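Chemist: Using the numbering used here, read the sequence shown as starting at 58 and increasing by one per residue.
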Amino acid sequence: MLRTITIGSCISVQGMFIKMLENGKVVVRVGEKTFTGRPVETGKRAA
């Protein structure tokens, strides 16, 4: 499943979900690299 995270104040990374950490951060994989950051909130869909 694809997930988007933010690293710092203005860098976003989208990659394959690896795991959720105890501190609320998410780990995603892009190619052979892994990134850790805060998950981006998903918007509500229109009806």
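Glycine is no exception: its CB is placed at the ideal position from the N, C-alpha and C atoms. Quantities reported herein were computed from a predicted structural model and do not represent experimental measurements.
Taking buried to mean at least 16 other C-beta atoms within 10 Å of its own C-beta, is Val70 buried or exposed?
Modeler: For this step, residue 70 is matched to residue 13 along the sequence shown. Looking at its Cβ environment, which holds 16 or more other Cβ atoms inside 10 Å, Val70 is buried.
Chemist: Below 6 Å CB to CB, which residues in the same chain sit around Val87 once its five sequence neighbours on both sides are set aside?
Modeler: Counting from 1 along the sequence shown, the entry for residue 87 is found at position 30. So the qualifying residues of the chain are Gly72.
Chemist: Going by C-alpha to C-alpha distance, which of Ser66, Gly100, Lys101 and Leu78 sits closest to Thr93?
Modeler: Residue 93 sits at position 36 when you count from the first residue of the sequence shown. The residue with the shortest Cα to Cα distance from Thr93 is Leu78.
Chemist: What did DSSP end up calling Met73 once you bin it into helix, strand or coil?
Modeler: For the purposes of this step, residue 73 is taken as residue 16 along the sequence shown, with counting starting at 1. Strand.
Chemist: For Thr61 and Thr99, what's the separation of their Cα atoms in angstroms?
Modeler: For the purposes of this step, residue 61 is taken as residue 4 along the sequence shown, with counting starting at 1. For the purposes of this step, residue 99 is taken as residue 42 along the sequence shown, with counting starting at 1. Distance from the CA atom of Thr61 to the CA atom of Thr99, rounded to whole angstroms, is 9 Å.
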